[in-house]
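Asker: When we follow the working numbering, the leftmost residue of the sequence shown carries the number 19, and every step to the right adds one.
A virtual CB, placed ideally from N, CA and C, is assigned to each residue, including glycine.
One structure coming up, written as structure tokens, with questions to follow.
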Amino acid sequence: MVDESFERPSHAAPEHRTMLLIGVNRSPFTRRVAITLNIYGVPFEQRPLSGFGNRAEVRASNPLGRIPALVLDSGETLIDSDAIIDHLDEVYGGERPLTPRDGADRRTVLKVAAMMMGACEKCLHAAYEGNHRPPEKVHQPWIDDCMAQAANALGAVEAMITPNQQYLLLERPTQADVTAVVAERLARARGIDTDARMPKLRALTNRLSEQPFFQLSEP
């Protein structure tokens, strides 16, 4: 059953052609944009390019060679998930954008999103160290430190959750929920036992992940 609090904003979305999202959903940064587009009901196509495997093609949209990039209906290309989501909030968020417009709620959502995406970065740094360096050059203490930082961030968010809490911060979904889902999934895939160490976060993100807005972007 679809959670009714995930209703799309009631304002009329601007007329537009289909947007193009560049990036694979294995990237938590790409996936958070895909989830945001789905929640806002914005039609888009996706070109599943990897920053490693398709570097030249990605650089055609982003000179840094990083994903995601979002090609707007106007032909303008936005890069960096934070900048992309800021645009989507502005244009499609109406009175209830996923990142509140001001005040304490905005600051708290941004703080959680920063911690969750920082945790994703640390998980990816650890994966790179283990998967892309020659075995004799892999520095295990660096991997351990990255994973400890990711676990600490998840633990800090775990401490914010009360039993039976429907959403992470507010009475409605926010970007804190979106980033928590992608970060918890990646951390679990990288070996952090969230069932045992962050059970409230695991329960919350597991329930949210059943919503179609998240299912549509499952890697």
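Just to confirm before moving on: does the CB-CB distance between Phe47 and Ser99 stay below 8 Å?
Answerer: yes
Asker: Can you have a look at Gln229 and say buried or exposed, based on whether 16 or more other CB atoms are within 10 angstroms of its CB?
Answerer: If you draw a 10 Å sphere on the C-beta of Gln229, you find 16 or more other C-beta atoms in it, and that means buried.
Asker: Assuming Val51 and Pro86 form a contact by the criterion Cβ under 8 Å, report the distance between their Cβ atoms to the nearest whole angstrom.
Answerer: 5 Å
Asker: List the whole-angstrom C-beta distance separating Ala221 from Cys138, where the pair is believed to meet the contact cut-off of C-beta under 8 Å.
Answerer: With 8 Å as the limit, Ala221 and Cys138 do not qualify as a contact, their Cβ atoms being about 20 Å apart.
Asker: Going by DSSP in three states, Val89 sits in which element: helix, strand or coil?
Answerer: strand
Asker: In whole angstroms, what is the alpha-carbon distance linking Ala31 and Pro217?
Answerer: Residue confidence is low: Ala31 scores 48 on pLDDT, short of 50, so the model does not pin down where it sits. Its coordinate-derived value is still stated next. Rounded to the nearest angstrom, the two C-alpha atoms are 38 Å apart.
Asker: Given Tyr185, which residues of its chain have a CB within under 6 Å of its CB, disregarding the five upstream and five downstream residues?
Answerer: Pro191 and Asp195
Asker: Can you give the Cα-Cα distance for Gly148 and Asp123, rounded to whole angstroms?
Answerer: 38 Å
Asker: Based on the DSSP secondary-structure assignment, which residues constitute the bridge partners of Arg37?
Answerer: Looking at the sequence shown, residue 37 is not Arg but Met. Answer by DSSP bridge pairing, in chain order: Phe62.
Asker: What's the C-alpha gap between Met37 and Val156?
Answerer: The alpha-carbon atoms of Met37 and Val156 are separated by roughly 40 Å.
Asker: What did DSSP end up calling Ile97 once you bin it into helix, strand or coil?
Answerer: strand
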